[in-house]
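Undergrad: Protein chains in written order, with the numbering used here: chain D, 9 to 470; chain V, 187 to 267.
Here a beta-carbon is modelled for each residue, glycine too, at the ideal position from N, C-alpha and C.
Structural data, given as structure tokens:
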């Protein structure tokens, strides 16, 4: 249903999917959609291995309009069980009528929260990307994103609805993305910005090394000027876009095409933060900045809120968040993104960071509180803290550290604590190290002073 | 280059990257089989092998390397060409 254009117009012998396990033509893909998948009213679970078999199932879902829910192998068995239970609770609901997919993100209580998105919403957003990108059948589109990251859906829909080839880079080789892109002559690059800084650090993003790239899309994390400059030098023929959007509003709500002069060293960036603007909302999205205390619109720095028909109908598994994260105003339904932003007359909206303690690590959205609740259980200490470390100058997070405040009854065996965390948390959320601290730094109101803990960790591990 | 010699050199690179002078490799080991050997350090190891053995892997060759044994075979094949 999203991909029917392909069946009519494409050269069926073109490569639809280039994968480390082999290549599939469009003819191969369309042949498999005749294989019956489970009854249409149910949600198809798709594992996160990104094997050819999983691509085929996902293609079948997108083509037949069967709703799917991507699982990630990094989710532990308990999380997967909780997700499957939640899904079974909605399979007989009216939600199923137009459901395209349900993506689970981390919840502050550690319980996964499901974000259902409809077919209409996905179709709308796919057409936004197709209009901006204008891909053609000769394009080679790189896929690094895991299926549980909604950017992956856009990559597939953009490729397969325009007859282009999707190049799937193995999940464990993401750091080699620049090398794969060069060898495969990728023309459209999609990634989180941290791939740039990590590739650069490994010496893989050399100036002029990616001349075939005509467009590059970055989203999911803040794109720094520095990272954008490094990428522009490596891919001098690329238009570079910064995309912004929460999963709750169907992948993307705003974008900014970086004017080439903005990345020149003599560009006057006064008044701008160190990250590229997120620009203007898509035509079907309204945005405003509110003071999170008063909930009134502000001209200054505040929480970015979005209103659009693209908003999810509400979380599955976290109904209390539906009242705290969404609100009604002037006849519209609004979503609080939790992001700090300001408005700039020249460049549109500017991203300034998170209001809460949510971070992006290896492309995953992580609530540090989730790690802390697991750390609390594993260490039997009330005073715990999770902090990102190391953090590169451009803000890229390279690791996580857990800190446990010593107490008479706590478990001080850090190996044992790490072992317990591995069974509780998805692997990307397990800290690389757990450190014991004699006295946890506290703020005046008795809460853990995150900044002081961060400084302590930086001192300990430098 | 004998297999034993290749493996000895690979082992040295692993010890350096994983910062563990006492580690021991076996031929069937894959990413994840040693503490600290995740997909990120695996890429560092592959790049270090390229530098050390003065070779460059192609993407398809990288895709085919699963175990220590595969890595040693690939290095020897590249050196032989």
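1) Per the DSSP calculation, residue 26/D is bridged to which residue(s)?
2) To the nearest angstrom, report how far apart residue 129/D and residue 259/D are at their CA atoms.
3) Give the list of continuous alpha helix (DSSP H) stretches no shorter than 4 residues that lie fully inside the segment 165-247 of chain D.
4) Name the chain D residues whose beta carbon is nearer than 7 Å to that of residue 217/V?
5) Just by C-beta distance, which residues in the segment 183-203 of chain D are closer than 8 Å to chain V?
6) Answer yes if the segment 270-281 of chain D comes into contact with the segment 351-358 of chain D, meaning at least three C-beta pairs across the two stretches below 8 Å, and no otherwise.
7) For residue 350/D, write down the residues that DSSP places opposite it in a beta bridge.
8) Can you find a C-beta in chain D that's less than 9 Å from the C-beta of residue 228/V?
9) Would you list, in chain order, the members of the segment 17-34 of chain D that have their beta-carbon closer than 8 Å to a beta-carbon of chain V?
10) Hey, out of 395/D, 152/D, 143/D, 296/D, whose CA is closest to residue 338/D's CA?
11) Can you give me the C-alpha to C-alpha distance between residue 352/D and residue 392/D, rounded to a whole angstrom?
12) How many angstroms separate the CA atom of residue 217/V from the CA atom of residue 146/D?
13) So, with DSSP's three-state summary, where would you put residue 438/D?
14) In whole angstroms, what separates the C-alpha of residue 266/D from that of residue 340/D?
15) Is DSSP giving residue 189/V helix, strand or coil here?
16) What are the boundary residues of the beta strand (DSSP E) that includes residue 77/D?
17) Under the rule that 16 or more other beta-carbon atoms within 10 Å means buried, what is residue 301/D, buried or exposed?
18) Since residue 233/V meets chain D, which of its residues come closer than 7 Å, beta carbon to beta carbon?
19) Taking 8 Å as the cut-off, does the segment 234-245 of chain D touch the segment 194-206 of chain D (at least 3 CB pairs, one atom from each stretch)?
20) Give the interface partners of residue 244/V over in chain D, defined as CB-CB distance under 8 Å, in chain order.
21) Let me see if you follow: with CB-CB separation under 9 Å, is residue 248/V close to chain D or not?
22) Note the first and the last residue of the continuous alpha helix (DSSP H) segment covering residue 234/V.
23) Which residue from 429/D, 109/D, 98/D puts its Cα closest to that of residue 79/D?
24) In chain D, which residues lie less than 8 Å from residue 259/V when you measure between Cβ atoms?
25) For the candidate residues 286/D, 275/D, 248/D, 244/D, whose alpha-carbon lies nearest to that of residue 263/D?
26) Assuming residue 366/D is part of the alpha helix (DSSP H), what are its boundary residues?
27) For residue 225/V, which residues in chain D fall below 8 Å Cβ to Cβ?
28) Note down the Cα distance separating residue 333/D from residue 157/D, rounded to an integer number of angstroms.
29) If we define contact as Cβ-Cβ less than 9 Å, is residue 206/D a contact residue for chain V?
30) Within the same chain, show all residues whose beta-carbon is closer than 7 Å to that of residue 450/D, passing over the 5 residues directly before and after it, in chain order.
TA: The structure says:
1) DSSP output for residue 26/D lists 31/D, 175/D as bridge partner(s).
2) Computed Cα separation, rounded: 10 Å.
3) DSSP runs (the alpha helix (DSSP H)) wholly in the segment 165-247 of chain D: 185-192, 202-209, 233-242.
4) Ordered by position in chain D, the residues that pass the 7 Å Cβ test against residue 217/V are 180.
5) Within the segment 183-203 of chain D, the residues whose Cβ lies closer than 8 Å to any Cβ of chain V are, in chain order, 183, 184, 187, 188, 191, 192.
6) A contact exists between the segment 351-358 of chain D and the segment 270-281 of chain D.
7) Note: residue 350/D sits in a beta bridge opposite 358/D.
8) Residue 228/V counts as touching chain D.
9) For the segment 17-34 of chain D, the beta-carbon criterion of a distance under 8 Å to any beta-carbon of chain V is satisfied by 28.
10) Minimum Cα distance to residue 338/D is reached at 296/D.
11) For residue 352/D and residue 392/D, the distance between alpha carbons rounds to 39 Å.
12) Across the structure, residue 217/V and residue 146/D are spaced so that their CA atoms are roughly 35 Å apart.
13) Here residue 438/D sits in coil by DSSP.
14) Rounded to the nearest whole angstrom, the CA to CA distance from residue 266/D to residue 340/D is 31 Å.
15) Secondary structure of residue 189/V (DSSP, three-state): helix.
16) In the DSSP annotation of this structure, the continuous segment of the beta strand (DSSP E) that includes residue 77/D starts and ends at 76-78.
17) Classification of residue 301/D: exposed, given that the 10 Å Cβ count is below 16.
18) Correct list: 210.
19) Touching, per the Cβ criterion.
20) Those within 8 Å of residue 244/V in chain D are 191.
21) With 9 Å as the cut-off, residue 248/V counts as an interface residue toward chain D.
22) For residue 234/V, the enclosing alpha helix (DSSP H) begins and ends at 225-239.
23) For residue 79/D, the nearest C-alpha among the options comes from 109/D.
24) Residues of chain D whose Cβ lies closer than 8 Å to the Cβ of residue 259/V do not exist, since the nearest Cβ in that chain is about 18 Å away.
25) Among 286/D, 275/D, 248/D, 244/D, the Cα nearest to that of residue 263/D belongs to 286/D.
26) No alpha helix (DSSP H) holds residue 366/D; the beta strand (DSSP E) holding it covers 366-369.
27) When 8 Å is used as the limit between beta carbons, residue 225/V is near these residues of chain D: 179, 180, 181, 182, 183, in chain order.
28) Cα to Cα, the separation comes out at about 20 Å.
29) For residue 206/D, the nearest CB of chain V lies under 9 Å from its own CB, placing it at the interface with that chain.
30) If we look at residue 450/D and ignore the five residues flanking it on each side, its Cβ neighbours are 456, 457.
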